[in-house]
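Trainee: For the sequence shown, the numbering used here begins at 18 and goes up steadily by one.
Backbone N, C-alpha and C fix where the C-beta goes; we use that ideal spot for every residue, glycine too.
Please find one structure pasted underneath; my questions will follow.
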Amino acid sequence: MPGKYYVVELSSEERKQLKQLINTGKAAAYKQRHARVLLLADEAPEGPKMTDEEITEAVGCGRSTVERIRKRLVTEGFEAALQRNPVDYSGRRLLDGDAEAHLVALACSQPPEGRNRWTLRLLAEKIVELEVVEHCGKDSVHRVLKKTNLSPG
18 MPGKYYVVEL SSEERKQLKQ LINTGKAAAY KQRHARVLLL ADEAPEGPKM
68 TDEEITEAVG CGRSTVERIR KRLVTEGFEA ALQRNPVDYS GRRLLDGDAE
118 AHLVALACSQ PPEGRNRWTL RLLAEKIVEL EVVEHCGKDS VHRVLKKTNL
168 SPG
């Protein structure tokens, strides 16, 4: 196994802040977990110098979590290591308001020839065929119809 790329060495002030954060118990659970990981991973002379496996057992989180927290401390700093990774939700929405309106109108229309009703898969294929969106799956159609309290049948 290769050596650790991101070595945690906390100052006495940082160690004091982390212990205070854990002892007060008022911080979010993820923040307390990050603090525990950092304290156990501390390789300064006063630190316990635990391995990632030992930290995983002691804290009750995955090894990749320990590695990510260690990396964030070294690359982004002390405060960033205590925070969650920011998640970018922009661009995740497949169907915007206009596309949803098209889908609802389509679901309320007559089904294709030879069919008794619209299926989720048929709706997804038709909305792509009409070039409302580039791609669409039945799960996205289901989500929109559930949100509007519609069913395809």
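If I follow the unbroken alpha helix (DSSP H) through CYS125, where does it start and stop?
Mentor: What you label residue 125 is simply residue 108 of the sequence shown in a count that begins at 1. Per DSSP, CYS125 belongs to the alpha helix (DSSP H) from 114-125.
Trainee: Give the straight-line distance between the Cα atoms of LEU38 and ARG160, rounded to the nearest whole angstrom.
Mentor: Counted from its first residue, the sequence shown places residue 38 at position 21. Counted from its first residue, the sequence shown places residue 160 at position 143. If I take the Cα positions, the gap works out to 40 Å.
Trainee: Could you give the distance in angstroms between the alpha-carbon of VAL150 and the alpha-carbon of ARG101?
Mentor: As a first step, residue 150 must be located in the sequence shown, where it is residue number 133. As a first step, residue 101 must be located in the sequence shown, where it is residue number 84. Roughly 33 Å between the two C-alpha positions.
Trainee: So, with DSSP's three-state summary, where would you put TYR106?
Mentor: Locating residue 106 in the sequence shown gives position 89, counting from the first residue. In this structure, TYR106 counts as coil in the three-state DSSP scheme.
Trainee: Roughly how many whole angstroms lie between the Cα atoms of GLU26 and THR41?
Mentor: As a first step, residue 26 is located in the sequence shown; it is residue number 9 there, counting from the start. As a first step, residue 41 is located in the sequence shown; it is residue number 24 there, counting from the start. The straight-line gap from Cα to Cα measures roughly 23 Å.
Trainee: For a test of the three-state rule: what should DSSP assign to VAL161, helix, strand or coil?
Mentor: Within the sequence shown, the letter at position 144 stands for residue 161. Looking at VAL161 - three-state DSSP - the assignment turns out to be helix.
Trainee: Please go through the same chain and pick out, in chain order, the residues whose beta-carbon is closer than 8 Å to the beta-carbon of TYR23, but skip the five residues on each side of it.
Mentor: As a position in the sequence shown, residue 23 is number 6, starting the count at 1. If we look at TYR23 and ignore the five residues flanking it on each side, its Cβ neighbours are GLU84, ARG87, LYS88, LEU90, VAL91 and THR92.
Trainee: Tell me the rounded alpha-carbon separation between LEU162 and SER29.
Mentor: For the purposes of this step, residue 162 is taken as the residue at position 145 of the sequence shown. For the purposes of this step, residue 29 is taken as the residue at position 12 of the sequence shown. Taking the straight line from one Cα to the other gives about 56 Å.
Trainee: What three-state label does DSSP hand ALA141 in the structure shown?
Mentor: As a first step, residue 141 is located in the sequence shown; it is residue number 124 there, counting from the start. Residue state, collapsed to three classes: helix.
Trainee: State the start and end residues of the unbroken alpha helix (DSSP H) segment that holds VAL150.
Mentor: Position 133 of the sequence shown, counted from the first residue, corresponds to residue 150. That residue, VAL150, is in no alpha helix (DSSP H); it is neither H nor E in DSSP.
Trainee: May I ask which residues mark the beginning and end of the alpha helix (DSSP H) holding ARG132?
Mentor: For the purposes of this step, residue 132 is identified with residue 115 of the sequence shown, where counting begins at 1. Unbroken run through ARG132: none, as it is neither H nor E.
Trainee: I think ARG32 touches LEU56, with their Cβ atoms under 8 Å apart; what is that distance to the nearest whole Å?
Mentor: What you label residue 32 is simply residue 15 of the sequence shown in a count that begins at 1. What you label residue 56 is simply residue 39 of the sequence shown in a count that begins at 1. Their Cβ separation, rounded to whole angstroms, is 7 Å, which keeps ARG32 and LEU56 in contact under 8 Å.
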